[in-house]
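Asker: Here it is: the structure, laid out below.
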Amino acid sequence: MKLYPIKLLTDENISPKVVASIRQIGIDILDTKEQQWSGTDDETLLNRAYQEQRFVLTHDSDFGTLAVNQGKPCYGILYLRLKNVKPVNVSRICKGLFQKELEIIPHTIWVIEETRIRIRHLIDNE
Numbered sequence: 056m057k058l059y060p061i062k063l064l065t066d067e068n069i070s071p072k073v074v075a076s077i078r079q080i081g082i083d084i085l086d087t088k089e090q091q092w093s094g095t096d097d098e099t100l101l102n103r104a105y106q107e108q109r110f111v112l113t114h115d116s117d118f119g120t121l122a123v124n125q126g127k128p129c130y131g132i133l134y135l136r137l138k139n140v141k142p143v144n145v146s147r148i149c150k151g152l153f154q155k156e157l158e159i160i161p162h163t164i165w166v167i168e169e170t171r172i173r174i175r176h177l178i179d180n181e
């Protein structure tokens with residue numbers, strides 16, 4: 056299955072250009088800036104994403120810290136650990152990811168780099 060039916064909540068550090076380009080391929084995105092949630096703490100956003108079964112798309116490792124070290128409920132995190140965070144590069148990486156034949160696995164953290172993807176399974180905190 057492609058990652059296509061995935062639903063996302065984008066952190067405020069994700070460019071509006073990236074949000075727009077990902078939407079062009081049909082991904083359901085709830086964007087922090089569009090919702091006027093800028094400045095909302097990461098734990099609140101992580102919980103919102105969990106309640107709505109959305110993966111958090113972020114450049115911020117703090118979401119992983121909340122899920123792994125503090126055991127906060129987490130549906131999933133796509134952590135973009137990229138050297139080049141210009142919107143055109145982030146869009147290219149994300150579009151490529153969402154069109155790969157990868158299984159959507161809830162309660163996982165995906166560390167996405169330019170040349171590889173690592174997936175870590177979380178303990179289900181339900």
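According to the working numbering, the sequence shown holds residues 56 to 181 in order.
Virtual Cβ for every residue (Gly too), placed ideally from N, Cα, C.
Remember, it's a predicted structure, so these values are computed and weren't measured experimentally.
In chain order, what residues of the same chain have a beta carbon less than 8 Å from the beta carbon of residue 176, not counting five sequence neighbours either side?
Answerer: The residues are 160, 162, 163.
Asker: Starting from the C-beta of residue 102, find all residues in its chain whose C-beta is less than 8 Å away, skip the five residues before and the five after it, and write them out in chain order.
Answerer: Cβ neighbours of residue 102 beyond the five flanking positions: 127, 128.
Asker: Can the beta-carbon of residue 69 be found less than 8 Å from the beta-carbon of residue 100?
Answerer: In this structure, residue 100 does not lie closer than 8 Å to residue 69 by Cβ.
Asker: Could you work out which residue in 88, 62, 90, 95 is closest to residue 82 when comparing CA atoms only?
Answerer: Nearest of 88, 62, 90, 95 to residue 82, Cα basis: 62.
Asker: Taking 8 Å as the threshold (C-beta atoms), are residue 130 and residue 167 in contact?
Answerer: Result no, Cβ atoms of residue 167 and residue 130 do not sit closer than 8 Å.
Asker: Assign residue 101 to one of three DSSP states: helix, strand, or coil.
Answerer: Helix.
Asker: Along the alpha helix (DSSP H) that carries residue 151, what are the first and last residues, could you check?
Answerer: Here the alpha helix (DSSP H) through residue 151 covers 142-153.
Asker: If we call anything under 8 Å between Cβ atoms a contact, is residue 10 one with residue 132?
Answerer: Residue coverage of the chain in this structure runs from 56 to 181, which leaves residue 10 outside it and unanswerable.
Asker: The alpha helix (DSSP H) spanning residue 117 covers which residue range?
Answerer: Counting along the chain, the alpha helix (DSSP H) containing residue 117 begins and ends at 117-123.
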